[in-house]
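These notes are about the structure you will find just below.
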Amino acid sequence: MQLNKAIELAAEKEGSQRALAKTLGIGENYLSDMKQGLKPCTVENRIRIALIAGIDPTRAVIEGLAATLSDSDKHQAEAKAMLNAMLDAFPEEGERNS
């Protein structure tokens, strides 16, 4: 799940984006910037957002790592492709083809 969607879901469960920011111990503006991809999200916050949202925190960490890798660097692009292949092999609940 993309970070912005996870933040939306977690904010809904917390009652608001302001409440989620308070729970995470960060400013509301910083959370908004993270949601827009303007500020980085730490691994710790990815895990906390995932847990609040009710999604798999391990998957959230892998997705976050893949998102930081560059397509223009050969080694990073290969690592990103491997991570994405792992994610594709284990789809999120609701995405599985039964």
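Read in this note's numbering, the sequence shown has 550 at position 59, and its numbers run on one by one without any break.
Virtual Cβ for every residue (Gly too), placed ideally from N, Cα, C.
Per-residue DSSP class, three states only, for LYS571:
helix
ASN495 classed as buried or exposed, judged by whether at least 16 other C-beta atoms fall within 10 angstroms
exposed
I'd like to know if the segment 534 to 549 and the segment 493 to 510 are in contact, where contact means that at least 3 CB-CB pairs between them fall below 8 Å.
yes
Give a yes or no on whether the C-beta atoms belonging to GLU503 and THR514 are separated by under 8 Å.
No, these two residues do not count as a Cβ contact at 8 Å.
Sequence ranges, alpha helix (DSSP H) only - wholly within the segment 498 to 548, length at least 4:
508 to 515, 519 to 526, 534 to 544
Does the beta-carbon of GLU569 have 16 or more other beta-carbons within 10 angstroms, so that it is buried, or is it exposed?
exposed
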